[in-house]
Structures are given as C-alpha cells and as structure tokens.
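**Student:** Here it is: the structure, laid out below.
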C-alpha cells in the first residue's frame, strides 16, 4: 500500500540554508525513487492557516518512506531544512484502493 511523506513549509528563516537543503535532499532521493505527487506548487488555502509551500512524495509503502527519511543522505540534509525554515513533516499511509473511502479503510481490522 502506498505511503506519502508530506512536507509543509510554514515559514522561511534562511534561504541559503534552504538552497543547501534542496541540493542535499535531491541527492538523498537516489535509490529511493519517491514519486512527486505535489511539489511546491501554487497553494489555495480553503481552511486553516496559509502555508508557504507543500510537497507530497509517494513511496511504495511506509517502510520505503521511512527508509528514505532515516537514510544517512537525508539525515545529512535535514539540519539544513531545519535551519532554513519551520516545517512539519508527516508520514501518511495510503488506502488499499482508490475506490475505498477513508471511512471504509478505518473500519478494516
């Protein structure tokens, strides 16, 4: 079942650190092959607080997403992300099929 890493940038602190992060994070994707579903495009806030940007990366499963996040290459990039901006990073499990509603998935054992 697919899994998604969602990176939400709340506020930029240091653009130079974010540039370093972007370079290192790109290298960290090698061998993990995340599929960008949404990648820092235009945002329209329908509810809640505005965010600067959002990226959604798809992985084959939770273990693959965690392997990328915990990889030495990404861990090397992460301090630059933290110094460059306030972020939230979420790992979300996908659903079994696109036809199943989230409520149906929650009820499954």
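Residue numbers (the UniProt record's numbering): 1 to 109. The C-beta atom is built at its ideal place from N, Cα and C for all residues, glycine as well. In this text, all values refer to a predicted model and were calculated from it rather than measured experimentally.
Below 8 angstroms on the Cβ atoms is my guess for residue 62 versus residue 3; work out the distance and round it to an integer in Å.
**Tutor:** 4 angstroms
**Student:** At the level of alpha carbons, what is the spacing between residue 93 and residue 33?
**Tutor:** 17 angstroms
**Student:** Between the beta-carbon of residue 7 and the beta-carbon of residue 80, is there less than 9 angstroms?
**Tutor:** no
**Student:** Output needed for residue 87: all residues of its chain with C-beta closer than 7 angstroms, excluding positions within five of it in sequence on either side, in chain order.
**Tutor:** 7, 8, 9, 10, 81
**Student:** Here's a check: name, in chain order, each residue in its chain whose Cβ is nearer than 8 angstroms to the Cβ of residue 73, leaving out the five neighbours to either side.
**Tutor:** 24, 27, 28, 30
**Student:** Starting from residue 122, trace the alpha helix (DSSP H) both ways and give me its first and last residue.
**Tutor:** This structure leaves residue 122 out entirely; the chain is present only between 1 and 109.
**Student:** Would a C-beta distance cut-off of 9 angstroms place residue 84 and residue 39 closer than the cut-off?
**Tutor:** no
**Student:** Assign residue 70 to one of three DSSP states: helix, strand, or coil.
**Tutor:** For residue 70, the three-state secondary structure derived from DSSP is helix.
**Student:** Got a sec? Which residues, its chain only, sit under 8 angstroms from residue 12 by beta carbon, not counting five neighbours each side?
**Tutor:** 18, 52, 84, 85
**Student:** Where does the unbroken beta strand (DSSP E) through residue 36 begin, and where does it stop?
**Tutor:** 35 to 39
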